[in-house]
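So for the sequence shown, full-length UniProt numbering puts the first residue at 1; every next one is plus one.
Cβ coordinates follow ideal geometry from the N, Cα and C atoms, glycine included.
These numbers come from a predicted model, not from an experiment.
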Amino acid sequence: MLLELKNLKKTFKDNHVLKGIDLAVKEGEVIAIIGPSGSGKTTMLRNINFLETADAGTMTLRQKRIDMAAPTQEQVLWTRRHMAMVFQNYNLFKNKTALENISEGLIFGQNKSKEEAETLASRALDQVDLLDKKDFYPSQLSGGQQQRIGIARATVLNPDIVLFDEPTSALDPELVGTVLRDMKRLAERGQTMIVVTHQMAFARDVADRVIFFADGEIIEQGSADDVFDHPQHERTQRFLSAIAEDY
Ligand SMILES: Nc1ncnc2c1ncn2[C@@H]1O[C@H](COP(=O)(O)OP(=O)(O)OP(=O)(O)O)[C@@H](O)[C@H]1O
Ligand SMILES: [Mg+2]
Numbered sequence: 001m002l003l004e005l006k007n008l009k010k011t012f013k014d015n016h017v018l019k020g021i022d023l024a025v026k027e028g029e030v031i032a033i034i035g036p037s038g039s040g041k042t043t044m045l046r047n048i049n050f051l052e053t054a055d056a057g058t059m060t061l062r063q064k065r066i067d068m069a070a071p072t073q074e075q076v077l078w079t080r081r082h083m084a085m086v087f088q089n090y091n092l093f094k095n096k097t098a099l100e101n102i103s104e105g106l107i108f109g110q111n112k113s114k115e116e117a118e119t120l121a122s123r124a125l126d127q128v129d130l131l132d133k134k135d136f137y138p139s140q141l142s143g144g145q146q147q148r149i150g151i152a153r154a155t156v157l158n159p160d161i162v163l164f165d166e167p168t169s170a171l172d173p174e175l176v177g178t179v180l181r182d183m184k185r186l187a188e189r190g191q192t193m194i195v196v197t198h199q200m201a202f203a204r205d206v207a208d209r210v211i212f213f214a215d216g217e218i219i220e221q222g223s224a225d226d227v228f229d230h231p232q233h234e235r236t237q238r239f240l241s242a243i244a245e246d247y
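Okay, structure coming up:
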């Protein structure tokens with residue numbers, strides 16, 4: 001296994017948001033996580049990347065075992081070098097160009113020279129078909145373009161895993177497809193990905209495994225066909241019939 005979570009728990013005051021999650025991810029696997037609002041999907045990703053500290057749980061990434069409730073600073077930095085996250089609202093630096101947004105992490109995180117960083121960043125921009133926008137600032141780009149730069153920024157560091165938190169949900173409908181296309185390409189290149197999404201058609205098309213998450217727990221998981229066409233649990237059936245979308 002590339003990544004293994006055991007008994008991940010997180011409580012905010014008396015709100016038990018994550019109730020002991022177990023999850024194992026294989027190298028190259030694409031996992032789609034679906035589930036109702038407030039069920040803890042974002043909290044789970046934030047705990048995996050140590051943007052939030054868990055109450056309990058262990059994470060094993062590339063054979064390295066980390067106590068999620070008490071990670072050392074070194075473990076946090078090590079994890080972040082091996083993982084990248086793509087956020088709903090892109091989180092680009094407003095005062096930096098597309099190229100600078102991508103090359104920054106290579107210069108400061110991986111000690112690359114400016115020249116080498118820019119070469120790698122240009123290649124990453126090309127992979128999302130935005131090389132011609134390299135000198136544009138975020139305000140000069142559409143939401144879809146900004147998010148594709150977010151994807152280029154996440155993947156240029158060559159992470160073991162990319163975590164996506166509803167990467168298309170802030171976009172106008174006509175921009176969603178371009179972002180999903182870049183994510184699909186990434187999956188086809190063998191990138192291990194965990195994608196929280198409401199895009200059921202994408203989950204069916206690209207994910208190796210779909211996980212239905214509700215009330216801080218994994219309720220069921222399987223292939224898209226299993227989960228979408230033959231949901232075993234009433235909670236999953238209720239969710240799928242409520243989203244009123246073709247999938
Ligand atoms: N920093 C925080 N402090 C207190 N409560 C929080 C915090 N972050 C999340 N929560 C609570 O944890 C629960 C799960 O939130 P989370 O954002 O993980 O849900 P989600 O599944 O990502 O929902 P959505 O689909 O709407 O994005 C919610 O009840 C939320 O209010
Ligand atoms: Mg969320």
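Cβ-heavy atom distance, residue i to ligand 1, below 7 Å
i      : result
Ile15  : A small correction: the amino acid at residue 15 is Asn; Ile does not occupy that position in the sequence shown. Answer for Asn15: yes, Cβ within range of ligand 1.
Gly35  : yes
Thr43  : yes
Phe212 : no
Gly40  : yes
Phe12  : yes
Supposed contact pair residue j and residue i - C-beta distance, whole angstroms, cut 8 Å
i      : j      : result
Gly109 : Leu51  : So it is not a contact: roughly 16 Å between Cβ atoms.
Ala32  : Ala207 : 4 Å
Ser39  : Asp182 : That pair is no contact at about 27 Å.
Residue i vs residue j beta-carbon contact at 8 Å
i      : j      : result
Pro167 : Gln237 : no
Thr60  : Glu4   : yes
Gly144 : Leu163 : no
Ala187 : Lys133 : no
Leu23  : Val196 : no
Gly35  : Phe213 : yes
Ile151 : Val176 : no
Glu217 : Gln232 : no
Thr43  : Leu77  : no
Arg209 : Gly190 : no
Lys10  : Asn47  : yes
Leu141 : Leu120 : no
Residue i: CB within 7 Å of a non-hydrogen atom of ligand 2
i      : result
Asp165 : yes
Cut-off 6 Å between Cβ atoms - residues of its own chain near residue i, not counting five sequence neighbours on either side
i      : result
Pro138 : Leu92, Lys94, Gln146
Arg153 : Asn101, Ile102
Asp135 : Thr97
Proximal residues to residue i (C-beta, below 7 Å), its chain only, five neighbours per side dropped
i      : result
Leu131 : Ser122, Leu125
Ala69  : Thr53, Ala54, Asp55, Ala56, Gly57
Val179 : Gly144, Gln147, Arg148, Pro167, Thr168, Leu171
Gln75  : Ile66
Glu174 : none
Beta-carbon contacts of residue i that lie in its chain and below 8 Å, excluding the five residues immediately before and after
i      : result
Val25  : Met1, Leu2, Leu3, Glu4, Ile31, Ile161, Thr192, Ile194
Asn7   : Gly20, Ile21, Asp22, Ala56, Gly57, Thr58
His82  : Leu61, Arg62, Pro159, Asp160, Ile161
Ile243 : His198, Met200
(request) Within the region 17-50, note down every full alpha helix (DSSP H) run reaching 4 residues or more, in order along the chain. (result) Runs found: 41-48.
(message) Quick check for students: name the residue ranges of the beta strand (DSSP E) that lie wholly in the region 216-247, counting only runs of 3 or more.
(response) For the region 216-247, whole beta strand (DSSP E) runs of length 3 or above, ordered along the chain, are 217-222.
(message) Threshold first: 4 residues or longer. Then list the alpha helix (DSSP H) segments lying entirely within the region 113-197, N to C.
(response) Runs of the alpha helix (DSSP H) inside the region 113-197: 114-127, 143-156, 173-188.
(message) If we require 4 or more residues per run, which alpha helix (DSSP H) segments fall completely within the region 80-117?
(response) Listed in chain order, they are 98-108.
(request) Entirely within the region 50-82 and at least 4 residues each: give me those alpha helix (DSSP H) ranges in chain order. (result) At a cut-off of 4 residues, the continuous stretches assigned as alpha helix (DSSP H) that sit fully inside the region 50-82 are 73-82.
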